[in-house]
Amino acid sequence: MQQHAKGRPLPLWLKSGRVQTGLIIIFILAICAIFAPYLAPNDPNEQNLLSILTPPVWADGGDAMFPLGTDSLGRCVLSRLIFGARVALTVAFTASIGAMIIGAFFAHVAGYFGGWVDWVIGRIVEIWLSFPPVILSLILMVGLGTGLRNVVLAIILVDWTRFCRVLRSEVIVLRRRDYVSAAQLIGFSHWRTITREILPGTLPLLITLMSLEMGVAIIVEAILSFVGMSVGSETAAWGQMIADARQNIYEAPFNLIAPIFAIFFAVFGFNILGDGLRRTLDTRLTQTERT
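The numbering of the sequence shown is numbering that gives the first Met the number 0, which starts it at 0 and goes up by one.
Shown next, in the form of structure tokens:
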């Protein structure tokens with residue numbers, strides 16, 4: 000009865016301070032993205048030409064209607080920051096999941112079968128990784144065109160190789176385990192062996208890589224929107240806000256600081272979550288720390 004009253008203990012990864020901090024940050028961003036129309040004090044695209052470059056509310060000349068001030072077109076900075084979280088999180092989650100699925104598939108195929116299959120996939124990954132990721136994303140966007148869907152597609156096409164390269168080594172290690180050999184001797188098909196015996200072993204690493212990739216995706220989207228290759232001007236995006244604010248950096252420096260801090264806050268959240276997951280889910284690392 001006493002054990003039942005206490006309830007089931009928290010998983011080890013949820014006890015990590017890093018994981019908890021990362022989850023809190025991501026939860027805050029998710030609330031902003033989901034409830035943006037209710038949290039934003041103003042329409043993010045509404046232009047108030049009588050309140051151009053208004054400073055934040057705590058500065059001289061600030062207006063309570065615009066808590067973080069306005070940009071060069073009189074648009075509310077706070078409202079654009081809140082709505083910008085929608086673009087950032089949409090790209091982070093969809094691009095990371097897409098890159099994870101493709102990268103994990105090729106990593107498991109290459110690591111499990113080995114031989115010429117591993118060689119071909121390995122060479123493709125090496126060639127793809129030889130290009131700087133941001134430059135490659137820009138080149139792909141020129142061919143694909145602007146738009147949120149194409150941004151997600153470009154990030155997936157560039158970053159699946161990150162998953163493939165790291166996971167392949169883990170699959171090779173797991174493939175040599177006794178329980179995998181036993182499954183093959185019993186007569187399990189290749190697909191069943193990979194999904195039932197190998198995939199559960201690579202899942203912790205896969206989750207960690209995906210959380211880290213989300214931070215990378217946010218940075219890439221910000222760069223693409225900064226150069227005008229992401230969403231249109233009618234959609235608020237953090238990179239676009241930086242591009243607009245740099246023209247008035249001396250008159251309204253906070254317009255530049257606010258989106259930069261938002262990007263830092265989001266990337267920090269995903270990175271610290273990934274680091275916390277790596278420390279708690281990687282059994283080899285936890286064993287080393289214990290010794």
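Ideal Cβ positions, reconstructed from N, Cα and C, are used throughout, including at glycine. Given the structure is predicted, the values throughout are model-derived calculations rather than measurements.
Separation of residue j from residue i, as counted between CA atoms
i: Phe267; j: Gly186; result: 46 Å
i: Thr93; j: Gln19; result: 23 Å
i: Ala235; j: Arg176; result: 50 Å
i: Val150; j: Ala181; result: 44 Å
i: Met99; j: Thr207; result: 11 Å
i: Trp118; j: Pro132; result: 22 Å
i: Arg278; j: Glu169; result: 16 Å
i: Gly21; j: Asp62; result: 33 Å
i: Ile310; j: Asn47; result: Residue 310 falls outside the range modelled here, since the chain spans only 0 to 290, and no answer is possible.
i: Arg174; j: Thr145; result: 42 Å
i: Ile23; j: Gly114; result: 44 Å
i: Phe139; j: Ile271; result: With the sequence shown as reference, residue 139 is identified as Leu, and Phe is not the correct amino acid for it. Roughly 30 Å separates the two Cα atoms.
i: Ile25; j: Gly273; result: 12 Å
i: Ala35; j: Val141; result: 31 Å
i: Ile256; j: Ile134; result: 25 Å
i: Leu293; j: Ile120; result: In the structure as shown, the chain starts at 0 and stops at 290, and residue 293 therefore has no counterpart that could be examined.
i: Leu184; j: Leu143; result: 47 Å
i: Ile197; j: Trp190; result: 10 Å
i: Ser188; j: Val116; result: 18 Å
i: Ala39; j: Gly227; result: 24 Å
i: Gly60; j: Asn44; result: 22 Å
i: Thr290; j: Ser15; result: Low confidence applies here, because Thr290 scores a pLDDT of 42, under 50, leaving its location unreliable and the question unanswered by this model.
Simplified DSSP state of residue i, which is helix, strand or coil
i: Ala187; result: The question names Ala, but residue 187 in the sequence shown is Phe. Three-state result, Phe187: coil.
i: Asp62; result: strand
i: Thr145; result: coil
i: Thr53; result: coil
i: Gln2; result: Note that Gln2 has pLDDT 46, beneath the 50 cutoff, so the model's placement of it is unreliable and the number below is only indicative. Here Gln2 sits in helix by DSSP.
Neighbourhood of residue i by C-beta, 6 Å cutoff - its chain only, sequence neighbours within 5 removed
i: Ala216; result: Val90, Ala91, Ala94, Ser95 and Ile154
i: Gly102; result: Trp159, Phe162 and Cys163
i: Ile262; result: Ala221 and Trp237
i: Met213; result: Ala91, Ser95 and Phe269
i: Ala242; result: Phe225
i: Gly73; result: Gln46, Asn47, Leu48, Ser50 and Ile51
i: Val56; result: Ala63 and Pro66
i: Arg17; result: Ile271, Asp274 and Gly275
i: Gln1; result: Low confidence applies to Gln1: its pLDDT is 45, below 50, so where it sits in the model is not reliable enough to give any reading.
i: Asn41; result: Cys75 and Ser78
Top-ranked residue by Cα proximity to residue i, from the options
i: Pro54; options: Glu250, Ile271 and Asn270; result: Glu250
i: Ile51; options: Gly200, Ile134, Ile25 and Ser71; result: Ser71
i: Tyr111; options: Val172, Pro258 and Ile218; result: Val172
i: Val108; options: Thr194, Leu67, Ser136 and Phe26; result: Thr194
i: Tyr178; options: Val165, Pro43, Ala242 and Gly200; result: Gly200
i: Ile27; options: Ile271, Leu280, Ala265 and Gly273; result: Ala265
i: Gly68; options: Pro252, Ile33 and Ile24; result: Pro252
i: Tyr37; options: Leu77, Arg245 and Arg167; result: Leu77
i: Ala244; options: Cys31, Cys75, Ala32 and Ser15; result: Cys75
i: Leu276; options: Ser210, Arg174 and Pro40; result: Ser210
i: Glu125; options: Met140, Thr145, Gly113 and Val157; result: Val157
i: Ile30; options: Ser232, Leu128 and Ile81; result: Ile81
i: Arg122; options: Ser188, Ile134 and Phe105; result: Phe105
i: Ser232; options: Gly16, Pro40, Arg79 and Gly60; result: Arg79
i: Ile218; options: Ser136, Asn44 and Gly97; result: Ser136
i: Gly83; options: Gln246, Leu280, Gly16 and Met240; result: Met240
i: Leu88; options: Pro43, Leu143 and Ala32; result: Ala32
i: Ala97; options: Leu152, Leu128, Trp127 and Asp59; result: The amino acid at residue 97 is misidentified as Ala; the sequence shows Gly. Checking every option, the nearest Cα to that of Gly97 belongs to Leu152.
Cutoff 8 Å: residue i Cβ touching any chain C Cβ
i: Val124; result: Annotation note: the requested chain C is absent from the structure, which comprises a single protein chain.
Residue i beta carbon near the ligand COA (any heavy atom closer than 7 Å)
i: Ala153; result: Ligands in the displayed structure: none, and consequently the ligand COA is not present.
Cβ shell of residue i (< 8 Å), same chain only, five flanking positions each side left out
i: Val86; result: Leu147, Glu220, Ser224, Ser229, Val230, Thr234, Ala235, Ala236 and Trp237
i: Glu288; result: With a pLDDT of only 47 at Glu288, under 50, the local geometry of the prediction cannot be trusted, and the value read off the model is given with reservation. Only Arg278 meet the Cβ criterion.
i: Leu280; result: Trp12, Pro203, Leu204, Ile206 and Thr207
Cβ neighbours of residue i in the same chain (closer than 7 Å, five flanking residues each side left out)
i: Leu205; result: Met99, Ala103 and Leu166
i: Asn247; result: Leu52, Ser71 and Asn254
i: Thr192; result: Val179, Ala182 and Gln183
Margin query: Ignoring anything shorter than 4 residues, give me the alpha helix (DSSP H) runs that lie fully in the region 182-247, in order along the chain.
Written below: 189-192, 198-225 and 237-244
Item checked: Complete runs of the beta strand (DSSP E) confined to the region 88-175 [at least 3 residues] -> As for any beta strand (DSSP E) of minimum length 3 sitting wholly inside the region 88-175, there is none.
Next item on the list: Mind listing, in chain order, the continuous beta strand (DSSP E) runs of no fewer than 3 residues lying wholly within the region 18-48?
Entry: none
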